[in-house]
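*Asks:* Protein chains in written order, with our numbering: chain A, 109 to 421; chain B, 2 to 314; chain C, 24 to 338.
I'd like to ask you about the structure that follows.
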Amino acid sequence: MASTAAPHKLSADDLRGDRGRRRTEALMRLLFLGAATLSVVITALIILAIVGEAWNFISQVDLAALWSGGWFPRRGMFDIPTILAGTLVVAGIGMLVAVPLGLGAAIYLAEYASRRARALLKPILEVLAAVPSIVLGYFALQWISPNIMQTVCLGGSAVFNMGAAGLAVGVLVTPLIASVAEDAMYAVPGSLREASYGLGARKRTTSLRIVVPAAVSGIVAALIIGFSRAIGETMIVAIAAGGTGGSLFSLDPCGQGQTMTAAMTALATGSDQVRGSDLAYPSLFFVGLLLFASTLVLNVISERFVRSVRLKY
Amino acid sequence: MPESGEDVSVRTKEEIAPSGETLVHEAPRIRLMTDQAVDEAEQFAPGASEQSVAMPIEDGKVVFELQSLSCYYGSFRAVKEISLRVPHNQITAVIGPSGCGKSTLLRSFNRMNDLIDGARITGQILYHGVDLYADGVDPVEVRRRIGMVFQKPNPFPKSIYDNVAFGPRVAGFRGRMGELVEESLRRAALWDEVKDKLKSPGTELSGGQQQRLCIARAIAVEPDVILMDEPCSSLDPIATLKIEELMHELKQNYTIVIVTHNMQQAARASDLTAFLTMGPDRAGYLVEMAPTQKLFTSPDNRLTEDYITGRFG
Amino acid sequence: MTDITATSNVSAEIVRARISGRRMDIGGRIFEGLLLLALALSLAVLLTLLVDVVSRGIGVYAERGIDVITAPLSSDPAKAGIGQGLFGSIALMLIVAATAFPIGIGAAIYLEEYARDTTFTRFVTANIRNLAGVPSIVYGLLGLAVFVVALRAITGPESQGRSILAGGLTLAILVLPIVIITTSEALRAVPSGIREAAYGVGATRWQTVRSHVIPYAAPGILTGTILSMARAFGETAPLIMVGGAVSFLNTGDRGLVETLQGKYTTVPTSIFQWVQEPRREFIELSAAGIIALLVTILLVNGLAIILRNRYARKW
Chain A
109 MASTAAPHKL SADDLRGDRG RRRTEALMRL LFLGAATLSV VITALIILAI VGEAWNFISQ
169 VDLAALWSGG WFPRRGMFDI PTILAGTLVV AGIGMLVAVP LGLGAAIYLA EYASRRARAL
229 LKPILEVLAA VPSIVLGYFA LQWISPNIMQ TVCLGGSAVF NMGAAGLAVG VLVTPLIASV
289 AEDAMYAVPG SLREASYGLG ARKRTTSLRI VVPAAVSGIV AALIIGFSRA IGETMIVAIA
349 AGGTGGSLFS LDPCGQGQTM TAAMTALATG SDQVRGSDLA YPSLFFVGLL LFASTLVLNV
409 ISERFVRSVR LKY
Chain B
2 MPESGEDVSV RTKEEIAPSG ETLVHEAPRI RLMTDQAVDE AEQFAPGASE QSVAMPIEDG
62 KVVFELQSLS CYYGSFRAVK EISLRVPHNQ ITAVIGPSGC GKSTLLRSFN RMNDLIDGAR
122 ITGQILYHGV DLYADGVDPV EVRRRIGMVF QKPNPFPKSI YDNVAFGPRV AGFRGRMGEL
182 VEESLRRAAL WDEVKDKLKS PGTELSGGQQ QRLCIARAIA VEPDVILMDE PCSSLDPIAT
242 LKIEELMHEL KQNYTIVIVT HNMQQAARAS DLTAFLTMGP DRAGYLVEMA PTQKLFTSPD
302 NRLTEDYITG RFG
Chain C
24 MTDITATSNV SAEIVRARIS GRRMDIGGRI FEGLLLLALA LSLAVLLTLL VDVVSRGIGV
84 YAERGIDVIT APLSSDPAKA GIGQGLFGSI ALMLIVAATA FPIGIGAAIY LEEYARDTTF
144 TRFVTANIRN LAGVPSIVYG LLGLAVFVVA LRAITGPESQ GRSILAGGLT LAILVLPIVI
204 ITTSEALRAV PSGIREAAYG VGATRWQTVR SHVIPYAAPG ILTGTILSMA RAFGETAPLI
264 MVGGAVSFLN TGDRGLVETL QGKYTTVPTS IFQWVQEPRR EFIELSAAGI IALLVTILLV
324 NGLAIILRNR YARKW
């Protein structure tokens, strides 16, 4: 410590600091930097691992197999449109459910609910968000399929169908959309609302014409995030959508189908050794690459939207 | 004017040895020059004279000498070419309108600006003749010798004892901590009020007490300088007065530099005052620095007079 | 003159009527009703789910009691239970805690306290955000390629790499971005005045972080890590990739290393097995398993929330 005692001539060396302490500082900094760099390493590994095997697949496979009317890996049929269609049908139905429910809940919580109501309802939504997808998969198979799909589908539905999976995905994604959209609307400054009320506008008008447009970036981000989640969902479709063993190209929600994610689980569990069959293992990574690429693109786009929200306020 | 000003303000390390003789011997000559400088300055429009003139220090040592100090945040220059001297064991006040760089200037004394990305300086700050920004100077060491009290009292969320003990602990103090804590609290005129509750949280004290706790905390590392950045701006008048009285006692042992918004406070409490203002390029520069009595009763510069009489700022 | 007064009288009438009349904002009411309906539907779904699960699963508990929790996997539904699954899940959580938490918290400390605003920093931050949005099954692929195949020697030569170690590490990587993000938020919430005060008194960066920033942010960090554990507990997809789904598991007596390198199952994986069986007994069993799963997750989430509320003080 410095001393204020008698005439003490300060020299530059006094300000040099303690060697040992500086070494510790440098070490700690390096340690933390290492941890942060690890995240980059992980991404690199993901890309390397997936691209490597995916390339393996593409180079070996007969390209005709990628357009063969159905996804039957054991038979060497790797029809991409089948799994894409399955993914889009399930995700699409999911969004049909999640968007109105999620946005509706969000607008209600952000604009209408009293403080007490909000304090009660938000945690309940958080509980819904915490339900693991396997539980919703069970729900899709055991409740949605017999109770809803059977009634809704003309001529009854198969036990395993994309519709049940889609609805369950919708339930899964609703709290996610609700939460992100609600955050965006809550962040709209109160002064905007006050200005609107001050002009004599009603609550509905204010909500729809002022708040929602002001929060639109965040809301769009919510939708994109929700869609990305819906595409990447695995357990629900693995349990309820059918398609184990293979599936023909289908857009019919009342029947079974195959999504990218379910195709991957089927490949992993279908045979005891995923490595066994020549193309099965690499095809797993090929589908994984498709999935990774599409969700990455979606997430990057949603990032742009979220960032423009932050810039505004 | 530039010549005479330069002679006084830009001096080499050797010439400003911290011994009283040189300066006392210089004093009359300096005063003469200032009169001359003032005459010349009056020929220009107010604000045109941006060359700062180091002010006379009648006796005692110089603690800080600034030589053409400019402070930048990235490419924005916040403080422009300030040259001045801060004397030992006196209270030097820095006043000026909002945004003119007073805080930036103060924080450059203890290298707190280092914590801001993109902050840098040109020019020199000599502390007891040693260049504070030289290579190899450890800012941590600097801050143990040059303490700081902030605008908003910021006690740690720990006990009063631990608040005061933290600085010495990290500095490796091995002596009797209890005694050091008591001594520091006494010097900060807080001991009597807290001696029975040293274990209670620092944050439970009143605003004025918290600020005195922060002063005690700064004192505990035994600095020779205490920098105060508008320390009373969030306190009530009674607490403010207590701190001003405290400053008066403190200056027997410490050199104090205080930035304040409050002209009356500067007039009441300080020995020297430096007046900064913002130029057309939004950089702060030194207009005038003089013994407080003089600055407030018969300032040399028109701008100073305008500010003091409330015509602007 | 008279014209003006006449006009003002008329307007006064109208105003009085408008202000004191009943506001029949039908459109608004309907709108609000719709919103409430949306919210209610979401909650109704949750309720239906719970009712279905409980009604089907509670019978199993009624019959067999605690045996459901302790029994190992078995091909006979009357004897099977989540015992091994619980063991596996807990083991996985421990591995996740031991690896992901230190690394994640360290990375967050770097980003919030040490890093300057450079391209590298921005790249790392963006990268972490992207990783958080990657579907969990992709992490399973990563785990498969790296831990099961490439690092087989470490993760389990006997079990062909499909071991608890591989599963745990895979989950750790999955959870890492979430830990980093929640820890970063907790660190950012520390008021800058505290850091300034510490630096001002001559503390180094590490001293400041260790003595002030981390203790202050600790409740937030803890909450974040607990929530991420809850999330990892319910994960199934990546574990399927990495080999956790087995129908029958003979654990016997195994040492620590053997256990880490051996085959395993988890609670959700066990449920996954049972759900796929058409027999009613298995469906009921899976419902019972789900009850256990939900209770655990709810308890853990509740714990995190209680901790968060308890420590969200007035500092």
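Ideal Cβ positions, reconstructed from N, Cα and C, are used throughout, including at glycine.
In whole angstroms, what is the alpha-carbon distance linking valine 131 of chain B and serine 119 of chain A?
*Replies:* Using only the alpha carbons, I get a separation of about 6 angstroms.
*Asks:* Between proline 291 of chain C and chain A, is the shortest Cβ-Cβ distance under 7 angstroms, so that the two count as touching?
*Replies:* So yes, proline 291 of chain C belongs to the interface.
*Asks:* Excluding the 5 residues preceding and the 5 following glutamate 411 of chain A in the sequence, name in chain order all residues of the same chain whose CB lies nearer than 7 angstroms to its CB.
*Replies:* There are no such residues.
*Asks:* Just to make sure I have the definition right: I need the residues of chain B whose C-beta is within less than 9 angstroms of the C-beta of alanine 120 of chain A. Which are they?
*Replies:* By Cβ distance, chain B contributes Val131, Asp132, Ala135, Gly137, Val138.
*Asks:* Looking only at its chain, what residues have a beta carbon closer than 8 angstroms to the beta carbon of alanine 162 of chain A, apart from the 5 residues adjacent to it on each side?
*Replies:* Answer for alanine 162 of chain A: Pro390, Phe393, Phe394, Gly396, Leu397, listed in chain order.
*Asks:* Quick one: what does DSSP say lysine 230 of chain A is sitting in, helix, strand or coil?
*Replies:* Lysine 230 of chain A falls in the helix class under three-state DSSP.
*Asks:* Just to confirm the assignment: which complete alpha helix (DSSP H) runs, minimum length 4, are found wholly within the region 153-233 of chain B?
*Replies:* Whole alpha helix (DSSP H) segments, 4+ residues: 161-171, 178-188, 192-195, 208-221.
*Asks:* Nearest chain A C-beta to aspartate 140 of chain C closer than 7 angstroms, yes or no?
*Replies:* No, its Cβ sits nowhere closer than 7 angstroms to a Cβ of chain A.
*Asks:* Measure the CB-CB distance between arginine 124 of chain A and glycine 119 of chain B and report whether it falls below 7 angstroms.
*Replies:* For arginine 124 of chain A and glycine 119 of chain B, no; Cβs fall outside 7 angstroms.
*Asks:* Could you check whether the Cβ of alanine 130 of chain C sits closer than 7 angstroms to any Cβ belonging to chain A?
*Replies:* At least one chain A Cβ lies under 7 angstroms of alanine 130 of chain C.
*Asks:* Enumerate in chain order the residues of its own chain whose CB-to-CB distance from glutamine 211 of chain B is below 6 angstroms, with the five nearest sequence positions on each side excluded.
*Replies:* Excluding positions up to five away in sequence, the list reads Pro154, Pro156.
*Asks:* How many whole angstroms separate the CB atoms of proline 100 of chain C and phenylalanine 305 of chain C, which I take to be in contact at a CB cut-off of 8 angstroms?
*Replies:* Right, their Cβ atoms sit about 5 angstroms apart.
*Asks:* Verify whether the separation of the beta carbon atoms of methionine 1 of chain B and isoleucine 96 of chain B is less than 7 angstroms.
*Replies:* In the structure displayed, chain B extends from 2 to 314; residue 1 of chain B sits before or after that span and is not available.
*Asks:* Does the beta-carbon of phenylalanine 140 of chain A have 16 or more other beta-carbons within 10 angstroms, so that it is buried, or is it exposed?
*Replies:* Buried, by the Cβ-count rule.
*Asks:* For a cutoff of 7 angstroms on Cβ pairs, would you count glutamate 142 of chain B as touching chain A?
*Replies:* It does; some Cβ of chain A falls within 7 angstroms.
*Asks:* Kindly indicate which three-state DSSP category glutamate 411 of chain A falls into: helix, strand or coil?
*Replies:* Helix at glutamate 411 of chain A.
*Asks:* Tell me whether isoleucine 259 of chain B is buried or exposed, calling it buried when 16 or more other Cβ atoms sit within 10 Å of its Cβ.
*Replies:* Under this definition isoleucine 259 of chain B is a buried residue.
*Asks:* So, does the region 151-160 of chain A touch the region 329-340 of chain A, judging by three or more C-beta pairs under 8 angstroms?
*Replies:* Verdict: no, contact absent.
*Asks:* For the region 188-220 of chain C, list every residue whose C-beta sits within 7 angstroms of some C-beta in chain B, in sequence order.
*Replies:* Within the region 188-220 of chain C, the residues whose Cβ lies closer than 7 angstroms to some Cβ of chain B are Gly216, Ile217, Glu219, Ala220, listed in chain order.
*Asks:* Mind checking whether isoleucine 220 of chain B and isoleucine 92 of chain B have CB atoms under 7 angstroms apart?
*Replies:* In this structure, isoleucine 92 of chain B does not lie closer than 7 angstroms to isoleucine 220 of chain B by Cβ.
*Asks:* For glutamine 230 of chain C, decide whether its Cβ has a neighbour in chain B, counting only Cβ atoms nearer than 7 angstroms.
*Replies:* Yes, contact with chain B.
*Asks:* Whole angstroms is fine: what's the gap from leucine 192 of chain A's alpha carbon to phenylalanine 77 of chain B's?
*Replies:* Whole-angstrom Cα-Cα distance: 53 angstroms.
*Asks:* Just by C-beta distance, which residues in the region 142-168 of chain A are closer than 9 angstroms to chain C?
*Replies:* Correct list: Gly142, Ala143, Ala144, Thr145, Leu146, Ser147, Val148, Ile150, Thr151, Leu153, Ile154, Leu156, Ala157, Ile158, Gly160, Glu161.
*Asks:* Expressed to the nearest angstrom, what Euclidean distance is found between the alpha-carbon atoms of asparagine 332 of chain C and valine 38 of chain C?
*Replies:* Asparagine 332 of chain C and valine 38 of chain C: Cα-Cα distance of roughly 49 angstroms.
*Asks:* Would arginine 283 of chain B and valine 222 of chain B be called neighbours here (beta carbons separated by less than 7 angstroms)?
*Replies:* Result no, Cβ atoms of arginine 283 of chain B and valine 222 of chain B do not sit closer than 7 angstroms.
*Asks:* Should arginine 175 of chain B go down as buried or exposed, given a rule of 16 or more other Cβ atoms within 10 Å for buried?
*Replies:* Exposed, by the Cβ-count rule.
*Asks:* Are there 16 or more other CB atoms within 10 angstroms of the CB of valine 265 of chain C, so buried, or fewer, so exposed?
*Replies:* Burial call: buried.
*Asks:* Starting from methionine 290 of chain B, trace the beta strand (DSSP E) in both directions and tell me its first and last residue.
*Replies:* Its beta strand (DSSP E) spans residues 285-292.
*Asks:* Compare the C-alpha of valine 226 of chain B against each of B:Ser69, B:Val80, B:Leu107, B:Ser99 and name the closest.
*Replies:* Per the Cα distances, B:Leu107.
*Asks:* Does phenylalanine 268 of chain A come within less than 7 angstroms of chain C when only Cβ atoms are used?
*Replies:* Chain C contact via Cβ: absent.
*Asks:* Decide if the region 173-187 of chain A is in contact with the region 251-258 of chain A; the criterion is three or more beta carbon pairs, one per stretch, under 8 angstroms apart.
*Replies:* Taking 8 angstroms as the limit for Cβ pairs, the verdict is that the region 251-258 of chain A does not touch the region 173-187 of chain A.
*Asks:* Does the CB of valine 414 of chain A have a neighbour CB from chain B at under 7 angstroms?
*Replies:* Output row for valine 414 of chain A: interface = no.
*Asks:* DSSP three-state label for leucine 189 of chain A, please.
*Replies:* One point to set straight first is that residue 189 of chain A is proline, not leucine, in the sequence displayed. Three-state result, proline 189 of chain A: helix.
*Asks:* Check whether the Cβ atoms of proline 224 of chain B and isoleucine 126 of chain B lie closer than 7 angstroms to each other.
*Replies:* No, these two residues do not count as a Cβ contact at 7 angstroms.
*Asks:* Where does glycine 100 of chain B land, buried or exposed, given buried means 16+ other C-beta within 10 angstroms?
*Replies:* Burial call: exposed.
*Asks:* Which chain C residues sit within Cβ distance under 7 angstroms of serine 336 of chain A?
*Replies:* Those are Gly156, listed as they occur along chain C.
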